[in-house]
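Engineer:
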Amino acid sequence: MKTKVQEQFKKHYGEGASVYSSPGRVNLIGEHTDYNLGFVLPGAIDKAIYAAIKPNGGKLCRLYSVDYDQSIEMDLSGDKPKEQWAQYVYGVAKEMEKRGKKVEAFDLVFGGDVPLGAGLSSSAALESTIGFALNDIYGFGFTREELAKIGQMTEHNYVGVRCGIMDQFASLFGEDGKVIRLDCRSLEYKLEPFKPTGCKVVLFDTMVKHSLASSEYNVRRAQCEAGVAVVAKHVKGIESLRDVTMDMLDTYKGEMEDIVYRRCSFVINENQRLLDACSALEKGDYVTMGQKMNGSHEGLSKWYEVSCPELDFLADIGHNTDGVLGARMMGGGFGGCTINLVEEKVFDAYVSDITERYKSKFGKQPRVIDVVISQGAHKII
Ligand code: ADP
Ligand code: MG
């Protein structure tokens with residue numbers, strides 16, 4: 015894709031472009047913890063958006079999307095473009111202008127190999143690539159953290175997706191063989207080693223759309239807030255589930271609905287599982303890492319109830335296959351992918367077994383996406 019983007023730039027706009035890339039991401043563990051101000055553990059992957067870019071000295075930007083095979087002209091002092099793929103580019107530039115920088119017109123060609131809408135955050139990869147590239151060619155001096163916020167605000171203000179900051183953070187801060195323990199309360203982060211020698215990370219896409227995701231998401235948020243409110247009546251300084259321990263939750267269990275208790279205990283336990291997983295990674299203990307992933311799935315499915323039959327089916331096969339260290343649903347739930355940590359020696363057999371069984375049960379082929387934890391945003395040429 016890198017070469018293709020360069021060739022297309024030459025063809026459309028000529029010589030002299032700089033080339034940048036920024037990747038999609040996976041989240042190893044820590045689901046539904048972000049809005050409860052807990053931890054997440056994402057890593058950048060070896061699938062990215064590539065962009066060739068050069069200032070053009072004119073008034074209008076010229077953009078070409080390789081994957082949509084569309085080109086447009088875009089006026090940064092005019093309205094946002096109607097093509098969604100261009101709105102990300104426009105939004106990033108506008109967010110930079112809000113922060114006091116003048117973005118002069120440029121030519122841009124981009125494309126990528128992050129599957130769209132599969133839960134690997136192709137959109138964050140796109141924003142991060144564009145943000146990183148503009149910052150570098152114009153010497154704006156934004157930090158990676160500021161670029162992550164610019165990406166997040168692009169989604170909020172120009173695409174209409176009220177996302178958190180994990181995806182942009184992972185895309186910008188990722189490193190080879192390292193995952194990022196991000197504290198969603200302080201935005202402090204710590205890189206944890208992730209080099210599972212003899213193992214692979216593979217995702218299976220259920221190909222199910224997340225139709226319940228946004229309504230159920232709001233219900234879960236309200237249930238978490240209800241649990242926090244009960245504990246906060248008794249204990250000073252409780253602002254989110256991050257401040258609540260299992261002991262506190264158990265003490266005031268009688269004052270909350272059972273379902274609220276179940277939701278809150280999932281979140282508290284998921285944070286603890288993530289911290290335990292990080293200790294395991296620091297020791298190179300991938301067996302424990304996998305067990306924590308399995309525990310995460312169990313909690314998401316039975317206590318937080320955001321799974322679906324397709325995700326449970328895939329995770330369950332993983333849990334019952336020798337050599338599969340961990341398997342869990344990834345993302346908000348009700349569809350999307352499972353993420354699996356699998357020994358290389360059983361890898362091929364596992365992939366074909368799960369593909370066959372999924373096909374005969376649900377009548378469709380799961381998409382198989384293997385990933386390697388890789389470097390975040392960088393300049394290529
Ligand atoms: P995801 O979960 O992959 O982030 P989104 O719906 O948030 O899914 O973002 C997908 C959108 O991002 C696409 O509809 C498109 O507008 C843009 N996008 C992502 N990858 C590309 C690409 N390779 N080329 C052009 N646009 C892309
Ligand atoms: Mg997205």
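Counting from 15, one number per residue, gives the positions in the sequence shown under my numbering. Cβ coordinates follow ideal geometry from the N, Cα and C atoms, glycine included.
For L186 versus L161, is the C-beta spacing smaller than 9 Å?
Structural biologist: One-based indexing of the sequence shown puts residue 186 at position 172. One-based indexing of the sequence shown puts residue 161 at position 147. Cβ distance < 9 Å, so L186 and L161 count as in contact.
Engineer: With the cut-off set at 9 Å, would you say V106 and I164 are in Cβ contact?
Structural biologist: One-based indexing of the sequence shown puts residue 106 at position 92. One-based indexing of the sequence shown puts residue 164 at position 150. The Cβ atoms of V106 and I164 sit closer than 9 Å to each other.
Engineer: Should V33 be counted as a contact of ligand 1 given a C-beta to heavy atom distance under 8 Å?
Structural biologist: The residue given as residue 33 occupies position 19 in the sequence shown. Checking every heavy atom of ligand 1 against the Cβ of V33, none is found closer than 8 Å.
Engineer: Under 9 Å between the Cβ atoms of C75 and L51?
Structural biologist: Start at 1 with the first residue of the sequence shown, and residue 75 comes out as number 61. Start at 1 with the first residue of the sequence shown, and residue 51 comes out as number 37. It is not a contact, given that the beta carbons lie outside the stated cut-off.
Engineer: Kindly examine ligand 1 and report whether one of its heavy atoms sits closer than 8 Å to the Cβ of A132.
Structural biologist: Looking up residue 132 in the sequence shown gives position 118. Yes; taking the cut-off as 8 Å, the Cβ of A132 has a heavy atom of ligand 1 nearer than that.
Engineer: May I ask which residues mark the beginning and end of the alpha helix (DSSP H) holding T143?
Structural biologist: Residue mapping note: residue 143 aligns to position 129 of the sequence shown, counting from 1. From DSSP, the alpha helix (DSSP H) with T143 extends over S136 to I151.
Engineer: Can you list the alpha helix (DSSP H) stretches of 4 or more residues lying completely in the region 195-278, in chain order?
Structural biologist: The qualifying runs are 227-248 and 260-265.
Engineer: Short check: CB of E202 to CB of V193, under 9 Å?
Structural biologist: For the purposes of this step, residue 202 is taken as the residue at position 188 of the sequence shown. For the purposes of this step, residue 193 is taken as the residue at position 179 of the sequence shown. Against a cut-off of 9 Å, the Cβ pair of V193 and E202 comes out as no contact.
Engineer: What is the DSSP secondary structure of Q84, counted as helix, strand or coil?
Structural biologist: Here residue 84 refers to the residue found at position 70 when the sequence shown is read from its first residue. It is a strand residue.
Engineer: By the 10 Å Cβ neighbour count, where 16 or more other Cβ atoms means buried, how is R277 classified, buried or exposed?
Structural biologist: As a first step, residue 277 is located in the sequence shown; it is residue number 263 there, counting from the start. When all chains shown are included, R277 counts as buried.
Engineer: Answer yes if the region 19-39 comes into contact with the region 135-142, meaning at least three C-beta pairs across the two stretches below 8 Å, and no otherwise.
Structural biologist: As far as the Cβ criterion goes, the region 135-142 touches the region 19-39, which means the pair count is three or higher.
Engineer: CA-CA distance, G264 and Y172?
Structural biologist: For the purposes of this step, residue 264 is identified with residue 250 of the sequence shown, where counting begins at 1. For the purposes of this step, residue 172 is identified with residue 158 of the sequence shown, where counting begins at 1. Residue identity differs from the one stated: residue 264 is Asp in this sequence, not Gly. Using only the alpha carbons, I get a separation of about 43 Å.
Engineer: To test your reading of the DSSP string, which unbroken alpha helix (DSSP H) runs of 4 or more residues are found completely within the region 41-111?
Structural biologist: none
Engineer: Could you spell out where the beta strand (DSSP E) holding D341 opens and where it closes?
Structural biologist: Your numbering for residue 341 matches position 327 in the sequence shown. First, the residue type needs correcting, since residue 341 is Ala and not Asp in the sequence shown. Counting along the chain, the beta strand (DSSP E) containing A341 begins and ends at V338 to M343.
Engineer: Measure the C-alpha to C-alpha separation of G346 and L140 and round it to an integer number of angstroms.
Structural biologist: As a first step, residue 346 is located in the sequence shown; it is residue number 332 there, counting from the start. As a first step, residue 140 is located in the sequence shown; it is residue number 126 there, counting from the start. The alpha-carbon separation between G346 and L140 amounts to approximately 21 Å.
Engineer: Could you tell me the alpha carbon to alpha carbon distance between A119 and V103, rounded to whole angstroms?
Structural biologist: Translated into positions along the sequence shown, residue 119 becomes position 105. Translated into positions along the sequence shown, residue 103 becomes position 89. Going by the C-alpha atoms only, they are around 12 Å apart.
Engineer: Just verifying my parser: in three-state terms, what is the DSSP assignment at D181?
Structural biologist: Taking the sequence shown and counting its residues from 1, one reaches residue 181 at position 167. The answer is helix: DSSP assigns D181 an H, G or I state.
Engineer: Would you say the beta carbon of W99 comes nearer than 8 Å to a heavy atom of ligand 1?
Structural biologist: Counted from its first residue, the sequence shown places residue 99 at position 85. The answer is yes for W99.
Engineer: Could you tell me if the beta carbon of F183 falls within a distance shorter than 8 Å of some heavy atom in ligand 1?
Structural biologist: Mapped onto the sequence shown, residue 183 falls at position 169. F183: no, Cβ never under 8 Å from ligand 1.
Engineer: Under the three-state reduction of DSSP, which class applies to S129: helix, strand or coil?
Structural biologist: In the sequence shown, counting from the first residue as 1, residue 129 sits at position 115. The question names Ser, yet the displayed sequence has Pro at residue 129. The answer is coil: DSSP assigns P129 none of H, G, I, E or B.
Engineer: Between I387, G349, E189 and E45, which lies nearest to F218 when the distance is taken from Cα to Cα?
Structural biologist: For this step, residue 218 is matched to residue 204 along the sequence shown. Looking at the Cα atoms, G349 is the closest of the given residues.
Engineer: To which residues of the same chain is A147 closer than 6 Å at the C-beta, ignoring the five residues directly before and after it?
Structural biologist: For the purposes of this step, residue 147 is identified with residue 133 of the sequence shown, where counting begins at 1. Excluding positions up to five away in sequence, the list reads Y34, A65 and I67.
Engineer: Count the other CB atoms within 10 Å of the CB of V175; is the residue buried (16 or more) or exposed (fewer)?
Structural biologist: Reading the sequence shown from its first residue, position 161 is the one you call residue 175. Exposed: under 16 other Cβ atoms inside 10 Å.
Engineer: Beta strand (DSSP E) containing I395: first to last residue?
Structural biologist: If you number the sequence shown from 1, residue 395 lands on position 381. Unbroken run through I395: none, as it is neither H nor E.
Engineer: Helix, strand or coil for E189, going by three-state DSSP, please let me know.
Structural biologist: Here the question's residue 189 lines up with position 175 in the sequence shown. Of the three classes helix, strand and coil, the one that applies to E189 here is strand, per DSSP.
Engineer: With T335 as the anchor, note down where its beta strand (DSSP E) starts and where it stops.
Structural biologist: In the sequence shown, the residue the question calls residue 335 occupies position 321. Note, T335: premise wrong, no beta strand (DSSP E); not H, not E.
Engineer: Heavy atom of ligand 1 less than 8 Å from the Cβ of Y275, yes or no?
Structural biologist: Residue 275 sits at position 261 when you count from the first residue of the sequence shown. Not under cutoff, so the answer is no.
Engineer: I need the straight-line Cα distance from G332 to L325, nearest angstrom please.
Structural biologist: The count along the sequence shown starts at 1 and reaches residue 332 at position 318. The count along the sequence shown starts at 1 and reaches residue 325 at position 311. About 11 Å.
Engineer: From Q20 to I144, what distance separates their C-alpha atoms?
Structural biologist: Residue 20 sits at position 6 when you count from the first residue of the sequence shown. Residue 144 sits at position 130 when you count from the first residue of the sequence shown. In a straight line, the C-alpha of Q20 is about 15 Å away from that of I144.
Engineer: How long is the line joining the alpha carbons of A329 and T220, rounded to whole angstroms?
Structural biologist: Locating residue 329 in the sequence shown gives position 315, where the first residue counts as 1. Locating residue 220 in the sequence shown gives position 206, where the first residue counts as 1. Answer to the nearest angstrom: the Cα atoms are 11 Å apart.
Engineer: Can you tell me whether G126 is buried or exposed, with buried defined as 16 or more other CB within 10 angstroms of its CB?
Structural biologist: The residue given as residue 126 occupies position 112 in the sequence shown. Classification of G126: buried, given that the 10 Å Cβ count is 16 or more.
Engineer: Quick check: is any heavy atom of ligand 1 less than 8 Å from the C-beta of I383?
Structural biologist: Start at 1 with the first residue of the sequence shown, and residue 383 comes out as number 369. Not under cutoff, so the answer is no.
Engineer: On the CB-based measure, 16 or more other CB atoms within 10 Å of its CB, does Q379 come out buried or exposed?
Structural biologist: The sequence position of residue 379 within the sequence shown is 365, counting from 1. Exposed, since its Cβ has fewer than 16 Cβ neighbours within 10 Å.
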